[in-house]
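J.:
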Amino acid sequence: MAKWTKETCAPVERKWEEFYRNRHQHDKRVRTTHGVNCTGGCSWEVYVKDGIVTWELQATDYPALEDGIPPYEPRGCQRGISFSWYLYSPIRVKYPYVRGVLLDLWREARQTHPDPVDAWQSIVNDTKKRASFQQARGKGGFRRISWDEAQEIIAASVVHTVKAHGPDRIIGFSPIPAMSQVSFAAGSRFLALLGGVSLSFYDWYCDLPPASPEVWGEQTDVHESADWYNSRFISVMGANLNMTRTPDAHFVAEVRYAGAKLTVFSPDFSQVAKYADSWIPVHAGQDTAFWMAVDHVLLKEFFIDRQVPYFNNYLKKYTDSPFLIEIEENGSTKEAKPGRYLRANRLSPYQNTEHGDWKLLVWDRLSGKPRMPQGTIGHRWEKQEPGKWNLEMRDPLTGEELDPELSFTEAYDDTCLLALDDFAKSAEIKRCVPVRYVQTGQGRVMVTTVFDLLMAQFGVPHGMAGQYPKSYDEDMPYTPAWQEKYTGIHRDTVLRFAREWGENAEKTNGKNLIIIGSGVNHWYHNNLLYRSAITALMLTGCVGVNGGGLAHYVGQEKVANQASWSTIAFAQDWGKVPRQQNTPSFHYVHSDQWRYERGYQAYDCLPAQSKVENKEHTMDMQVRAVRRGWLPFFPQFNRSSLEVVRDSVASGASNDNEIIRNVVDKLKKGELGFAVEDPDAAQNWPRVWFIWRGNALGSSSKGHEYFLRHYLGTHDSAIAPEMAGGTTHEVVYHDKAPQGKLDLVVDLNFRMDTSALYSDMVLPTATWYEKDDLNTTDLHSFLNPMQAAVVPAWESKSDWEIYKAIALSVSTLAQVHLPEPVRDVVMLPLQHDTPDELAQPHVCDWKTGQVEAIPGQTMPKFRVVTRDYAHLYEQMVSLGLEVGKNGVSAHGLTIPVAEEYNRLAERQPRQVDGQTLPSLVDAREVAEAILALDPVSNGELAYRAFEVEQHKTGQDLSDLAEGLRDVRYTFDDIVAQPRRFLTTPTWSGIINKGRAYTPFSMNVERLIPWRTLTGRQHFYLDHEGYLEWGENLPTYKPRPDHLMLDETQLSLAAVKEDKLEGKMLNLITPHGKWSMHSTYSENERMMTLSRGDYPVWLNDKDAAELHINDNDWVEVFNDNGVFVQRAIVSARIPPGTTFIYHATERTVGIPKSPLRGKRAGMNNSLTRIRLKPVLMSGGYAQFTYAINYWGPTGNNRDTFVFVRRIEPPEF
Amino acid sequence: MNVRAHMSMLFHLDKCIGCHTCSVACKNLWTDRKGAEYMWWNNVETRPGTGYPTQWESQERFNGGWEWDRKTLRLRLHSRLGGLMKLFFNPSLPTLDDYYEPFTFRFQDLFNAPAGDDQPTAIPVSMLTGDPIDIKTSPNWDDDLGGSNIYAWNDPNLKDVPENVRQQLQELERVVYNYLPRICNHCLNPACAAACPTGAIYKRAEDGVVLVNENKCRAWRMCVSGCPYKKVYYNWSTGKSEKCILCFPRLETGQATACAHSCVGRIRYLGVLLYDADRIPQAVMVPDDELIEAHRSLILDPFDAQVIEAAQANGIEDSWISAAQNSPAYKFVKVWSLALPLHPEYRTMPMMYYVPPLSPIVSVIEEDLFKLDFANDVRDFEVFDRLDATRLPIKYLANLFSVGNESVIAAIMRKLLAVRIYMRRKTVDHDIDKKTLAMLAEAGTDMQEVEAIYKLTTQPNLAESFVIPKYHRETTIEAWTDPFDQKGETGFGAIRPPRRGE
């Protein structure tokens, strides 16, 4: 035996084994998690030995869901498990730093100015001094300073800016609060108290899928990953689960063994493709064409060739498909086009109904008449007879049940030849639909159903005249044959997929799931892409069904305890009205990216017979959107908002209403202007920027080189020409664009990332293992704590402590400079989930005199807010009384919390002006307040929330929370074990008894309407902007090509003139395997397990053509900027594209660019943003603004670059 | 019958997501220190690919493992005598180029760079010398590199795969990759131990863990060469070899190994296998095509009364016997015949096992259009009858796991697919018809077995994935000290790290 396996013969020798046992010893284990950027929300245990964090392993004690679903654990990926590297690594920011040039100026100024605010003013008002430290940005020269000095500089700049320009010149950016809610709230609360501006992130990252608000009136609501296991047909599109949903990918691997089929759509053979049944490499960004053809097949085979009762009933009950649409005739051409939903108040029985413009009609088979069902948005905001906002198909006037007709094909008055848009050919297709005539107060109108319009739009032959294809093989929109030229996929493959899709949904009652992500959401026409796929889901009854529907995972947006968190995070407990800015508009305007393009006419797609003039620029649309109250914009006015109030009061305004009236008056007369109308004027620049928990100047800076130029005033590598001059109408165009708009950029960071490197000041923050916080995600349904395993190392402090310190310094200076409370007027757009959704039945412009300027109706609304700068710190650290009085709100529900507020004040009291308020001094107290005041963690509040919803809907709901009323989760509870959310109407899933969260199951099962115009899911969108842009029906628009984008012309010239061996490729920037956005990307573990850089992926044939071998250096460039790294060559990359996994850092291993001279940039150096005007639509049902909820998105996938091989470059 | 117990790990490759969390967990715990930077006791390879160290499977070059000439079994590296001759010159040893030069970045420059006219950047530097480095390779250099004409193409396991299929692997029709996580195989016939001139390597009696005694190791590095899996690494700082220790301090306290604990794909299972140590010589000295069967036959039935009796006679505790009965490894390897050892032809009797992976259906290109290569009449899980239509060639998998025998792999693939087809019938059609039952029979399985496979593949909680026996540490410690004394003294002893030359 010993000959074969040498077992130990001398046991004493084995004492040496303690060598490894000793390594495994630890002093304690602490439950915590990772706090930014990632949707994981994984529970971790951090191991501490000798007061040093040594390693981390996953916690494995998640409560189980219902039987038959695999357990969640272990959750946590290669990135998370590398985090401990950061704590003591040389990239850790250990002390406060400021750039030497600025520090010298400051100290010099302080010699002559005893007052810090005066000192700051003396620097920023001196053009030369200001330019000197701006030009030094990003170029080394950091120096350590004390916390005291850092706080003083920051407070001086803040107070100066408030006094000189107004508080809305102070901005803050921090993404995705859910991961570390208290840390986010630290800065947002400070800004909200101050009157500063919080910048959005979800839309900016292009993670917001605008199709979700379009179709469902919902920002995003998705399945927890365990629900994937309930599906039996999964299509993964634009999402690389293994890479980006690493902790949850196992559910997909596992559900295949439960009998599910898996299809992966991805232009490259992606990681998730490895265990798919089918991999379908649709050409990049052409998924819309594929799905349009799938929809065509579904409509034909499951609605015409034969009927599936489940599908038909679902459509009638839960979608807008039976609703009536007016056919409109174009005045001059007499062409018929689908128009708007027929409004109830145009029919005599309903002419006096409240909000009759907002109640819609179906054709009732029983009475043979158009009838008004319950549940449309007019019912939602009804005051006279509430309780009719539900999905019962019933006429609220008579209580009669209705049986809506889906299609008129069996009985119609007439047929009408519609002109439908074929955007691919820039042509029109003529197809007949069956119509009925309806007598209205304004005469006879022609109507059809949304379903009949779908049949026409998708070209499904069903006995109507017109250009319908004869078979699937005819190349006409939207047949399987038609899609081939766009997708590169054979029609047989489409056909087979569509049939399997339909059959699976039929057999399982809708257990078809699409898991979708940034790979497709970052295209310019992403909303159309999503709608084409959602159409397939709705047609087959998949939405609101466990294991069915659209699971969009891009950016973690689920702050489960949104209701209480947002109250605290935006200081609504002190009656503040936060300034919340949609970032795509902000950066498009302020970083002057609009100046480098010809506007949307160049890259968007309008109907062939468009009425829109050809001269308009996206910037014009942006300005109008602000003026109409569709989108926010800050700074709001071309003067300080404090000054504006002061003047109004001086001119006699004695109360808030009079102040607002005065402001509106001045706007009308042009005495006061919107800053957006002249963004390059010095008085309209943003001035002070706080960045925390994010990489605003790095991975979050689309159009990075323009940021460097126009915001920072330092070096850049863009060569693109400005071309907006003379093409805009609504904006002042300065011949020379300003460079260096920002006075001060402050970055809170634990690592020296690109943003830190380019900021004026870097403040050392606690890492995720050094602070207390709360963490939730949409990928699972548990509340997780973040806890300090060790104290914040060196001089670092948690975000909460840092903002408290800044608030204290601001309050101290304010005692001299702003000692008395002042009034501020805040400008807000029309808001989602409020009656503002009924503001504008038609698009109108008060500026042209079309309509009266009425705040909150035809223009933005205004609120007067009192600011008490001297007491800002006190307000920061105590929970104000307003929350006790007003309750907390989400989804248009206001939940009373007075008792819970009082109980909290007893548990964590703080004396403020003789009153006992709940203390928010410690981060843990903030976390307790969030838990105590939200229905997901407080069962009594869940119960009350259902009572409120019951009142609005007239449906019995409170049974859903009856058994939860005793539940009160505290921080200690979630430290002991992650705890599952409670079922509440602030979300849409029923999750009692371990049922997996699936979105909209509450809508389907409890008949709560979607928050849309019809209250149902929308195939059709009748906002006038959508009609104008031809996006009223699901459709296909071609991708903008490189000539439309104006970002390669000069580079092409250089390639030609200098005979550079370069090739134009589409730049694809998917999420990476070795980072979470930019975090972890420079982590030694991740760098070692990849290639020690940010490789540029190339197809083998493209590489061969360019004489590029694997690991050769390459330069990637266009007119926007340049990137230099090494190539990685593989046939799995589709030809004609280059992949750079997104969110690279400039800080690590980036050489100089041979072409442009300076240090080469990052993936965002190659991008520039282009806004999609139709997504600016506002003031109308689901098209109303809420931060991160609605608005144009920062799409950046349609980017073209040149790639060329270079000799090893210089560092 | 000489019954022994072994802790074994099972990797369900069809579930592996290639995330490398396992690798980092291991690195954090064990090899994050000077001299160990390049050690990846656990690594994950993209396959087809060349692995780590590069082309470790090229035994023509590295001479790892055993050779059997139908008479005697010899280390490829050398006979014992020859080994002593080669002590000072060992051309089979991998060099730094076969591994990689560990690197980091000069992050300090970002803080310390003086004000200049361009942005500072942290340049890559060698962890060994501190000098700037041109990074040319890393422990996972060909990650996700399917269709690479350098890496995937040069995978030794593509031998005997038809040329046209190899070409297709470079094209849309068939481009593919999968992952292969690897730790030490804790072999029954470890070549590393056999190669060690100083007898520093031993296999623990209680659980089969193969360890390098850090106090006895004298840096001959024959183990590095001898191991055909290249899973013993030489620590250049301490002058001792080190390798995966199967996290014995964790196993001994009832915790899963760090790699298994952290496996977010839930692909790993831990369990006890009972085997007959007396029959190892017979099992390693059979022709190639009998190796799999011989290997399986070594593993004993833990429910068999004779086996239990023999185990007890050998001092195997009852807790280990019951752990063997509940062992997921036993089920996958022996009962269901779904798992195989990696490269059994190395004849080291590796005790870690793999369920080979499924892959998507191949495609054809028609007039520049991509078309999935479906047969017309089959609907669900089309590849059941057409295993040649899976993207990963069966031959390739056979070269990894069954000494080239495709029928062994095909049987496994069919059984995996049978589970899926059966469950689809059950949960979608709600009908187990005769056709389905016939399909199960064809796949060599039945309803009861597929239900069991389904459950253990998808549903296990961690206690079911990791069936870790209760170690009686007190009885082991008793060999050198009274556990009563150990209770008061443990941890107080000064840690005695291995020292070079001692």
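Protein chains in written order, with this note's numbering: chain A, 16 to 1226; chain B, 278 to 779.
C-beta atoms are modelled at their ideal positions from N, C-alpha and C, and glycine is treated no differently.
1) Buried or exposed: where does A:ALA822 fall if 16 or more other Cβ atoms within 10 Å of its Cβ makes it buried?
2) List the endpoints of the continuous alpha helix (DSSP H) containing A:ARG114.
3) Please state whether the Cβ-Cβ distance between B:CYS299 and B:TYR456 is less than 8 Å.
4) Please return the same chain residues whose Cβ sits closer than 8 Å to the Cβ of A:TRP306, not counting the five positions on each side in sequence.
5) Below 8 Å on the Cβ atoms is my guess for B:ILE522 versus B:LEU550; work out the distance and round it to an integer in Å.
6) Quick one: grab the DSSP three-state call for A:ARG994.
7) Assign B:MET626 to buried or exposed, taking buried as 16 or more other Cβ atoms, counted over all protein chains shown, within 10 Å of its Cβ.
8) Alpha carbon to alpha carbon, how far is B:LEU568 from B:LYS507?
9) Hey, B:ASN417 and A:LEU1104 are a contact pair by Cβ (cut 8 Å); roughly how many whole angstroms apart?
10) Based on the DSSP secondary-structure assignment, which residues constitute the bridge partners of A:ILE910?
11) By DSSP, does A:MET1059 sit in helix, in strand, or in coil?
12) Which whole-angstrom value is the C-beta distance of B:LEU554 and B:ALA571, which I expect to be below 8 Å?
13) List the DSSP bridge partners of A:ALA442.
14) Using a Cβ cut-off of 7 Å, pull out every chain B residue sitting near A:VAL1163, in sequence order please.
15) Can you tell me where the alpha helix (DSSP H) holding A:ALA39 begins and where it ends?
16) Would the stretch 576 to 595 of chain A and the stretch 877 to 884 of chain A be scored as touching if the rule is three or more Cβ pairs under 8 Å?
17) Kindly provide the ranges of any beta strand (DSSP E) runs that are 3 or more residues long and lie completely inside the stretch 319 to 403 of chain A, ordered along the chain.
18) Can you list, in chain order, the residues of its chain whose CB lies under 6 Å from that of A:ALA1142, leaving out five sequence neighbours each side?
19) Do the CB positions of A:SER732 and A:LYS1173 come within less than 8 Å of each other?
20) Since A:GLY1176 contacts A:PHE1138 with CB under 8 Å, what's their CB separation in whole angstroms?
21) Which of the three DSSP states, helix, strand or coil, is assigned to A:GLY954?
22) What would DSSP say about B:SER502, mapped onto helix, strand or coil?
23) Using a Cβ cut-off of 8 Å (strictly closer), state whether B:PHE388 contacts chain C.
24) What residues match up with A:ASN431 in a beta bridge as DSSP calls it?
25) Pull up the distance between the alpha-carbon of A:SER826 and that of A:GLY210, whole angstroms please.
26) Measuring CB to CB, does A:LEU828 end up less than 8 Å from A:VAL174?
27) Judging by CA-CA distance, which residue of A:THR176, A:ASN670 and A:GLY354 is the nearest neighbour of A:ASN699?
28) Tell me whether the stretch 387 to 405 of chain B and the stretch 150 to 158 of chain A touch, counting them as touching only if at least three CB pairs, one residue from each stretch, are closer than 8 Å.
29) Where do the N-terminal and C-terminal ends of the beta strand (DSSP E) with B:ASN512 fall, by residue?
30) Among A:GLN608, A:HIS265, A:VAL270 and A:PRO225, which one has its Cα closest to the Cα of A:ASN245?
31) In angstroms with no decimal places, state the Cα-to-Cα distance between B:THR327 and B:ASN431.
32) Could you compute how far the alpha carbon of A:GLU810 sits from the alpha carbon of A:CYS57?
33) Output, in chain order, the set of chain B residues within a Cβ distance shorter than 7 Å of A:VAL812.
34) Report yes if the C-beta distance between A:PRO993 and A:LEU794 is below 8 Å; otherwise report no.
35) Going straight from the alpha carbon of A:THR1208 to that of A:TRP538, what length do you get?
36) Buried or exposed: which applies to A:LEU381, given that a residue is buried once 16 or more other Cβ atoms fall within 10 Å of its Cβ?
T.: Let me lay it out:
1) A:ALA822 is classed as buried because its beta carbon has at least 16 other beta carbons within 10 Å across all chains shown.
2) From DSSP, A:ARG114 is part of no alpha helix (DSSP H) but of the beta strand (DSSP E) over 112 to 114.
3) It is not a contact, given that the beta carbons lie outside the stated cut-off.
4) Sequence-distant Cβ neighbours of A:TRP306 in its own chain, meaning closer than 8 Å and more than five residues away, are LEU544, SER547, ALA548, THR550 and ALA551.
5) B:ILE522 to B:LEU550, Cβ: 19 Å. No contact.
6) In this structure, A:ARG994 counts as strand in the three-state DSSP scheme.
7) With 16 or more Cβ atoms within 10 Å of its Cβ, B:MET626 is classed as buried.
8) When rounded, the distance between both Cα atoms is 21 Å.
9) Your pair B:ASN417 and A:LEU1104 checks out as a contact, with CB atoms roughly 5 Å apart and the cut at 8 Å.
10) Note: A:ILE910 sits in a beta bridge opposite A:VAL903.
11) Residue state, collapsed to three classes: helix.
12) What sits at residue 554 of chain B in the sequence shown is Ala, not Leu. Contact annotation, B:ALA554 with B:ALA571: C-beta distance approximately 14 Å; criterion of less than 8 Å not satisfied.
13) DSSP, once it has assigned bridges, lists A:ASP437 as partnering A:ALA442.
14) What A:VAL1163 touches in chain B: PHE382, THR398 and ALA399.
15) Note that residue 39 of chain A is His in the sequence shown, not Ala. Looking at the DSSP string, the run of the alpha helix (DSSP H) that includes A:HIS39 is 33 to 39.
16) Yes, since at least three Cβ pairs between the stretch 576 to 595 of chain A and the stretch 877 to 884 of chain A fall closer than 8 Å, the two stretches touch.
17) Within the stretch 319 to 403 of chain A, the beta strand (DSSP E) runs of at least 3 residues that lie entirely inside it are, in chain order, 339 to 344, 351 to 356, 377 to 379 and 384 to 386.
18) Contacts found: VAL1111, LEU1113, ILE1123, ASP1127 and VAL1129.
19) Between A:SER732 and A:LYS1173, the gap from beta carbon to beta carbon is short of 8 Å.
20) Between A:PHE1138 and A:GLY1176 the Cβ distance is about 6 Å, and since that is below 8 Å, they are a contact.
21) A:GLY954: helix per DSSP, three-state reduction.
22) Helix, per DSSP.
23) Annotation note: the requested chain C is absent from the structure, which comprises protein chains A and B.
24) Note that residue 431 of chain A is Cys in the sequence shown, not Asn. Under DSSP, A:CYS431 shares a beta bridge with A:VAL448.
25) Put simply, the backbone Cα of A:SER826 is about 14 Å away from that of A:GLY210.
26) Annotated as proximal: A:LEU828 and A:VAL174, with beta-carbon spacing under 8 Å.
27) That would be A:THR176, whose Cα lies nearest to the Cα of A:ASN699.
28) Contact between the stretch 387 to 405 of chain B and the stretch 150 to 158 of chain A is present, because at least three Cβ pairs lie under 8 Å.
29) Here the beta strand (DSSP E) through B:ASN512 covers 509 to 512.
30) Of the candidates A:GLN608, A:HIS265, A:VAL270 and A:PRO225, the residue whose Cα lies closest to the Cα of A:ASN245 is A:VAL270.
31) Cα-Cα distance, rounded: 7 Å.
32) If you take the alpha carbons of A:GLU810 and A:CYS57, they lie about 28 Å apart.
33) The question names Val, but residue 812 of chain A in the sequence shown is Lys. Neighbours of A:LYS812 in chain B, taken as residues whose beta carbon is under 7 Å from its own, are absent, since the nearest beta carbon is some 18 Å off.
34) In this structure, A:LEU794 does not lie closer than 8 Å to A:PRO993 by Cβ.
35) Near 10 Å, if we compare the C-alpha coordinates of A:TRP538 and A:THR1208.
36) So A:LEU381 counts as exposed.
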